[in-house]
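In our numbering, the protein residues as written are 71 to 356.
Below: the structure, in structure tokens.
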């Protein structure tokens, strides 16, 4: 039971933290400085929800470590485990970053102010899981690589969320096309960063014992890579085929682009589901 809650809360935390970091970062790359009223409330909601889910994730993590259920945990056990593991520090830093993010979203909603605190809250994910288990120089390198990986993924997910919202809404076609075109350079950089850090993370995780192809972790990561490749194919199709078709005013181009963006977003969510499961498996297969 605790394992199921851990996976679900881990997935929810990933999605919320990635959006809390990725939305303002993407807006900055697109040249937008201030969040509108709707965006302000969205960021505030993301901050609150991310904090609540992170608390549940911490409790589920403690329950798994204590071989107990979440409902059977007592305050002494939770306090002891949080104090003896990185979980306590992660929760403190994440809560502080999310609290500032909430305050800024309601009082000073400039993306340049929101982005660093969303990024800091997301970066705490690198202190846990396989990246957080490393020690010494390789452990530090793994955490840095993981932070870069997370921020690149957040920017892509934030962009997709905005693109899908624009496609389903009443955004002017010209504005939509400009936004997609402006993201081309940023998207290329994101793909490079994700590929390089993904390979580095995989090597740093499996280097001590070597990759076990038949392990559950390896199969989940292989599926993640396949979904990433599918996202690349969809993104390339959007950029080189569907956007030019929309520019040319071809019939059905808007609908095809909208479907492609939704499928690409679905692939991104699928990757997060796989990562949430992979985090509870031992890469060595033991």
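Glycine included, C-beta positions come from ideal geometry on N, C-alpha and C.
Computed from a predicted structure; not experimentally measured.
Nonlocal neighbours in the same chain, by C-beta distance under 7 Å from residue i, ignoring five residues either side
i, result
"residue 119", "86"
"residue 329", "none"
"residue 96", "225, 228, 229 and 232"
"residue 102", "181"
"residue 217", "193 and 196"
"residue 261", "302"
Own chain residues within Cβ distance below 6 Å of residue i, not counting five before or after
i, result
"residue 187", "167, 170 and 171"
"residue 194", "160, 163 and 164"
"residue 175", "110, 113 and 114"
"residue 215", "267, 270 and 271"
"residue 315", "323"
"residue 337", "297, 300 and 301"
"residue 227", "88, 92 and 338"
"residue 250", "313"
"residue 286", "351"
"residue 158", "152"
"residue 276", "353"
Contact belief for residue i with residue j at Cβ below 8 Å, rounded distance in angstroms
i, j, result
"residue 297", "residue 341", "5 Å"
"residue 76", "residue 131", "6 Å"
"residue 247", "residue 185", "Actually they do not touch by this definition, with Cβ atoms about 25 Å apart."
"residue 222", "residue 263", "4 Å"
"residue 179", "residue 104", "6 Å"
"residue 123", "residue 82", "5 Å"
"residue 100", "residue 252", "6 Å"
Residue from the options whose Cα sits closest to the Cα of residue i
i, options, result
"residue 351", "291, 162, 233 and 232", "291"
"residue 210", "197, 131 and 220", "197"
"residue 331", "286, 123, 353 and 231", "231"
"residue 288", "348, 229, 79 and 149", "348"
"residue 282", "353, 217 and 84", "353"
"residue 135", "125, 121 and 152", "152"
"residue 79", "107, 93, 116 and 125", "125"
"residue 84", "145, 106 and 199", "199"
"residue 173", "208, 148 and 117", "117"
"residue 89", "276, 242 and 189", "189"
"residue 243", "320, 276, 212 and 265", "320"
"residue 317", "277, 245 and 255", "245"
"residue 106", "142, 158, 141 and 177", "177"
"residue 293", "346, 307, 142 and 261", "346"
"residue 295", "306, 219, 277 and 265", "265"
Residue burial classification, residue i (beta-carbon count within 10 angstroms, cutoff 16)
i, result
"residue 344", "buried"
"residue 154", "exposed"
"residue 240", "exposed"
"residue 235", "exposed"
"residue 238", "exposed"
"residue 334", "buried"
"residue 94", "buried"
"residue 229", "buried"
"residue 257", "buried"
"residue 224", "buried"
"residue 137", "exposed"
"residue 259", "exposed"
"residue 128", "buried"
N-terminal and C-terminal residue of the alpha helix (DSSP H) that residue i is part of
i, result
"residue 300", "286-307"
"residue 258", "243-276"
"residue 349", "Premise fails: residue 349 is in no alpha helix (DSSP H) and is neither H nor E."
"residue 161", "156-177"
"residue 123", "107-135"
"residue 313", "313-317"
"residue 188", "181-193"
Sequence-distant residues of the same chain with beta carbon closer than 8 Å to residue i, five excluded per side
i, result
"residue 326", "312 and 315"
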